[in-house]
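Engineer: Sequential numbering from -6 applies to the sequence shown in our numbering.
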Amino acid sequence: MTGAPQTLRWGHAALEVEIDVGEDGTARLTHIGLPGGTPPERRNWPPLPLLEVTAAGHGRAWSGGRLIDSYVGGRLRHHAHRVSRDGDWHVLTVELRDPQTGLVAEVTYRSPDGVPVLRGEVVLRNGGEAALHLESVSSLVVGCLADGPEAIGGADLLWAENDWVAECRWQRRPMRVTSPVLSDRVVVYDNGKGEFTQTGRGVWSSCGRLPMGGLTDRDSGRTWLWQIEHNGGGWHWECGERDQLAYLALFGPTDTHHGWRHPLEPGGEFHTVPVALAFSADGGPDDAFAALTRYRRTARRPHSDHRRLPVIFNDYMNCLMGDPTTEKLLPLIDAAAEAGAEYFVIDAGWYDDENGGWWDSVGAWKPAASRFPGERGIHEVLDRIRERGMVPGLWLEPEVIGVRSPMAKTLPDEAFFRRDGVRVTETGRHHLDLRHPAARAHLDQVVDRLVGEWGVGYLKLDHNIDPGSGTSAHPGETPAAGLLGHNRAQLDWLDGILDRYPHLVVENCSSGGMRWDYALLSRLQLQSTSDQQNLQLYAPIAASAPTAVTPEQGAVWAYPLPEDSLDEVAFTMASALLGRIHLSGLLPDLRPEARALVHEAVAAYKALRADLPQAVPAWPLGLPAWDDPWLALALRTPATTYLTVWRRPGGAPTMSLPLPHLRGCAARVDVLYPTASQAEAVWNPDAADLTLTLPTAPSAVLLRLTHTVPDAP
-6 MTGAPQTLRW GHAALEVEID VGEDGTARLT HIGLPGGTPP ERRNWPPLPL LEVTAAGHGR
54 AWSGGRLIDS YVGGRLRHHA HRVSRDGDWH VLTVELRDPQ TGLVAEVTYR SPDGVPVLRG
114 EVVLRNGGEA ALHLESVSSL VVGCLADGPE AIGGADLLWA ENDWVAECRW QRRPMRVTSP
174 VLSDRVVVYD NGKGEFTQTG RGVWSSCGRL PMGGLTDRDS GRTWLWQIEH NGGGWHWECG
234 ERDQLAYLAL FGPTDTHHGW RHPLEPGGEF HTVPVALAFS ADGGPDDAFA ALTRYRRTAR
294 RPHSDHRRLP VIFNDYMNCL MGDPTTEKLL PLIDAAAEAG AEYFVIDAGW YDDENGGWWD
354 SVGAWKPAAS RFPGERGIHE VLDRIRERGM VPGLWLEPEV IGVRSPMAKT LPDEAFFRRD
414 GVRVTETGRH HLDLRHPAAR AHLDQVVDRL VGEWGVGYLK LDHNIDPGSG TSAHPGETPA
474 AGLLGHNRAQ LDWLDGILDR YPHLVVENCS SGGMRWDYAL LSRLQLQSTS DQQNLQLYAP
534 IAASAPTAVT PEQGAVWAYP LPEDSLDEVA FTMASALLGR IHLSGLLPDL RPEARALVHE
594 AVAAYKALRA DLPQAVPAWP LGLPAWDDPW LALALRTPAT TYLTVWRRPG GAPTMSLPLP
654 HLRGCAARVD VLYPTASQAE AVWNPDAADL TLTLPTAPSA VLLRLTHTVP DAP
């Protein structure tokens, strides 16, 4: 629809969006920010359109250095828009149409009331007479993050590297380093020439990097943070400069990066993966992460676990390490109960009758008689857990079937990942395709047996293989398209489990944090943050975890060893106190003083955990770096700030920790853990910083600052 230019304004008290519709009907997002902000200057070559769509036979073309709108996204024109409410969510839907192909796009923006976060999704419908073979569809395109050379020169890009046992390592670089000035001419379309990109591949959504990023102004503190809410590795984001404006484009799988294509038949629909963009006007990354935390709480499935925050003992890390037996578990159960655990999880190995050879035989998920002898078998252990006042849990790796498992022969080929008609095998395992009814029926039967019949109240869902590009369930389907279909079927399966068992607690684990995303975490209650066994190396992961997960969902191992010093016991326990305690370690073998420190930590956690579901994170020393000798994580509520500080070898014994949100406030500082700490803390309200001395390294401390705003003169 063409006509007179118009500007659409939409939002609420915390966020306003402006969309300009030109004379030709092209719609472009020109402003996101606080209401009343100044949008970028209108230019001869305006910001990017709301949506980028490419399809086979409708690619980009160039003429005289300028892009001709011959690709599908360039022909989409504004047709209509509507504003609505969905509970606490404000909703804007912009309908775009391409008269040449009949393609209809609904670009939907959602934002929770009072939270400066924009959620973007797109639905495409083919209203034409011919199929469109999609090659990429953006979930969100924003062309106005920073305006002009000076603003771009003063901006830093943020991204998080995320490797096994080295998760959540945030990086910060000037945008001019990642996207340099290419010439003195105006760059109108980079197409891989100058922007900074991050791309997920394979089955793990966060292997190598988190599906997140950010842009922050070094002087003003104006910050954007984004996340792609997809539970597979088929995602891509790019941030760069076009027409002297910093732009952002967020995608699910694409042809260029993943070999993804999707035939959109006449009358068919395609939905993009959801994405979210958080905004802070002047509070820097901390305020943007706080906004993203509030958004995540609003967007996820409600569950009582998010309020109760029970303490979980898991027998794996620095403990049984996949070798559980009745004999080994019974004393651990008693020790965990005495420490104050409320759930007890039997981790990997409970199904293994082959003395460690279970890797390529899993899939039936039956208890090993050799590990749990006697008439009652594993139920003797489950009953002991309940007798000691805890809820029993089990480890499960549901999506894999070992090549030696009887299920590998029982289930049809169509129930597994296949490519070129051949069942995919990865390190002795096949991967289920949850779009197939036999695959889903098998897993439903497993869960109904473990939860419905055995009374298990906690499932740790792990995933330890990456079968590559995906699966082709039928001729002509690209593996990436099959993977996207499986990803969505997995979410549907999880919803079904929690619909049937609403009090079941489900943990998201994937070799630690290799599937750390808010497609899964919008459903599941906890996120495993790492498989890191070194307590000092775990500290930066624990400190950074609230960037990627709400504090009440971030599970951190607290796993003291008998040979640890008392400082090391306190160090590992402190790492979990502003998240979710995953207690482990050989508790019965600890000497009495060490065991007392464990009990003290659990008691301290139970005293503060009611505050965590409302708290938002901040990092007084900046986002943690892997080798920093001092690390700090704060969680803020209106009346209280909790602060965990770690000191590792190599740093001075005293550190100043800025807490600008408490400037001018009187504050009482209490040491919550360990109470016998030698820490010395002095609060300076005028400078808004805390001077902390930790005489030894490694050492850690949990502090509470109770604050009041001084009366006005």
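For each residue, glycine too, the CB sits at the ideal point set by N, CA and C.
Here's the rule I'm using: 16 or more other beta-carbon atoms within 10 Å means buried, otherwise exposed. How should Thr265 be labelled?
Structural biologist: Counting Cβ neighbours within 10 Å, Thr265 comes out buried, since at least 16 surround it.
Engineer: Between which residues of its own chain and Arg508 is the CB-CB distance below 7 Å, once the five residues before and five after are set aside?
Structural biologist: If we look at Arg508 and ignore the five residues flanking it on each side, its Cβ neighbours are Trp197, Ser198, Ser199, Asn224, His456, Asn501.
Engineer: Between which two residues does the beta strand (DSSP E) containing Ala20 stretch?
Structural biologist: Counting along the chain, the beta strand (DSSP E) containing Ala20 begins and ends at 20 to 26.
Engineer: Is Leu401 helix, strand or coil by DSSP?
Structural biologist: The residue asked about is misnamed: residue 401 is Ala in this sequence, not Leu. If DSSP states are grouped into helix, strand and coil, Ala401 belongs with the helices.
Engineer: First and last residue of the beta strand (DSSP E) that includes Asn119?
Structural biologist: First-last of the beta strand (DSSP E) with Asn119: 110 to 119.
Engineer: Given this structure, state the Cα-to-Cα distance separating Gly475 from Thr192, to the nearest angstrom.
Structural biologist: Cα to Cα, the separation comes out at about 18 Å.
Engineer: So, at 6 Å on beta carbons, what are the nonlocal neighbours of Asp177 in its own chain, with the 5 sequence-adjacent residues on each side left out?
Structural biologist: Note that Asp177 scores a pLDDT of 47, beneath 50, so its modelled location is shaky; the value from the coordinates is reported in the next line. None.
Engineer: For Arg211, which three-state DSSP category applies?
Structural biologist: Residue state, collapsed to three classes: coil.
Engineer: Keeping to the same chain, check which residues put their C-beta closer than 8 Å to that of Tyr666; ignore five residues upstream and five downstream.
Structural biologist: Same-chain partners within the cutoff: Ala563, Met566, Ala567, Leu570, Glu593, Ala594, Ala597, Val694, Leu695.
Engineer: Where Ala123 and Leu133 are concerned, what is the direct C-alpha to C-alpha distance, given to the nearest angstrom?
Structural biologist: Approximately 26 Å, taken between the alpha carbons.
Engineer: So, at 6 Å on beta carbons, what are the nonlocal neighbours of Ala551 in its own chain, with the 5 sequence-adjacent residues on each side left out?
Structural biologist: Thr565, Met566, Ala569, Ile574, Leu576, listed in sequence order.
Engineer: Based on Cα-Cα distance, which residue from Val10, Pro544, Glu128, Gly80 lies nearest to Pro610?
Structural biologist: For the residues Val10, Pro544, Glu128, Gly80, the minimum Cα distance to Pro610 belongs to Pro544.
Engineer: Rounded to whole angstroms, what is the Cα-Cα separation between Phe365 and Leu325?
Structural biologist: Computed Cα separation, rounded: 15 Å.
Engineer: Could you round the C-beta distance between Leu655 and Leu698 to whole angstroms and report it? I think they count as a contact, below 8 Å.
Structural biologist: That pair is a contact at about 7 Å.
Engineer: Take the Cβ of Gln520 as the centre, count every other Cβ of all protein chains shown within 10 Å, and call the residue buried at 16 or more, exposed below.
Structural biologist: Buried, by the Cβ-count rule.
Engineer: Are the CB atoms of Tyr336 and Pro360 nearer to each other than 8 Å?
Structural biologist: No, Cβ-Cβ distance for Tyr336 and Pro360 is not below 8 Å.
Engineer: For the region 463 to 506, which segments carrying the beta strand (DSSP E) assignment without a break, of at least 3 residues, lie completely within its bounds, in sequence order?
Structural biologist: Those beta strand (DSSP E) runs which fall completely within the region 463 to 506 and span 3+ residues are 498 to 501.
Engineer: Jot down the residue ranges of each uninterrupted alpha helix (DSSP H) in the region 298 to 338, minimum 4 residues, whole runs only, in chain order.
Structural biologist: Entirely contained in the region 298 to 338, the alpha helix (DSSP H) runs reaching 4 residues are, in chain order, 298 to 301, 319 to 332.
Engineer: Judging by CA-CA distance, which residue of Leu41, Pro92, Val110, His74 is the nearest neighbour of Ala6?
Structural biologist: The candidate whose alpha carbon is nearest that of Ala6 is Val110.
Engineer: Closest to Cys161 by C-alpha separation, out of Pro167, Ala362, Met648, Trp152, would be which residue?
Structural biologist: The option with the nearest alpha carbon to Cys161 is Trp152.
Engineer: In the DSSP assignment, find the unbroken alpha helix (DSSP H) run with Val439 in it and report its ends.
Structural biologist: Val439 -> alpha helix (DSSP H) spans 430 to 440.
Engineer: Can at least three beta-carbon pairs, one atom from the region 215 to 223 and one from the region 247 to 261, be found at a separation below 8 Å?
Structural biologist: No, because fewer than three Cβ pairs between the region 215 to 223 and the region 247 to 261 fall closer than 8 Å, the two stretches do not touch.
Engineer: Pair every Cβ in the region 370 to 385 with every Cβ in the region 462 to 471, then say whether three or more of these pairs are closer than 8 Å.
Structural biologist: No contact exists between the region 370 to 385 and the region 462 to 471.
Engineer: Using 10 angstroms around the beta-carbon of Lys402, count the other beta-carbons present and answer buried if the total reaches 16, otherwise exposed.
Structural biologist: Answer is exposed; the Cβ neighbour count stays below 16.
Engineer: Out of curiosity, what's the CA-to-CA distance linking Thr318 and Val338?
Structural biologist: If I take the Cα positions, the gap works out to 13 Å.
Engineer: What's the C-alpha gap between Arg75 and Asp524?
Structural biologist: Distance between the alpha carbons of Arg75 and Asp524: 47 Å.
Engineer: My understanding is that Arg579 touches Trp486, with C-beta atoms under 8 Å, so please give their C-beta distance in whole angstroms.
Structural biologist: Before going on, a small fix: residue 579 reads as Leu here, not Arg. The pair is not a contact, with the Cβ atoms about 36 Å apart (cut-off 8 Å).
Engineer: What's the call for Pro(-2), buried or exposed, on a 16-neighbour Cβ count within 10 Å?
Structural biologist: Exposed, since its Cβ has fewer than 16 Cβ neighbours within 10 Å.
Engineer: Count the C-beta pairs between the region 274 to 283 and the region 302 to 309 that are closer than 8 Å, then say yes if the count reaches three, no if not.
Structural biologist: No: the two stretches stay apart, fewer than three of their Cβ pairs being nearer than 8 Å.
Engineer: Is Ala148 helix, strand or coil by DSSP?
Structural biologist: Of the three classes helix, strand and coil, the one that applies to Ala148 here is strand, per DSSP.
Engineer: Thinking C-beta only, is Arg516 closer than 8 Å to Leu484?
Structural biologist: For Leu484 and Arg516, yes; Cβs fall inside 8 Å.
Engineer: Among Trp358, Val374, Asp275, Leu117, which has the Cα closest to the Cα of Lys321?
Structural biologist: Of the candidates Trp358, Val374, Asp275, Leu117, the one whose C-alpha sits nearest the C-alpha of Lys321 is Val374.
Engineer: Name the DSSP bridge partner or partners of Ser692?
Structural biologist: Ser692 pairs with Arg640.
Engineer: Around the C-beta of Ala535, are 16 or more other C-beta atoms found within 10 angstroms, so that it is buried, or is it exposed?
Structural biologist: Per the 10 Å Cβ criterion, buried.
Engineer: Tell me Thr47's beta-bridge partners as DSSP assigns them.
Structural biologist: Beta-bridge pairing links Thr47 to Ser129.
Engineer: Straight-line CA distance for Glu331 to Gly657?
Structural biologist: So the two alpha carbons sit approximately 43 Å from each other.
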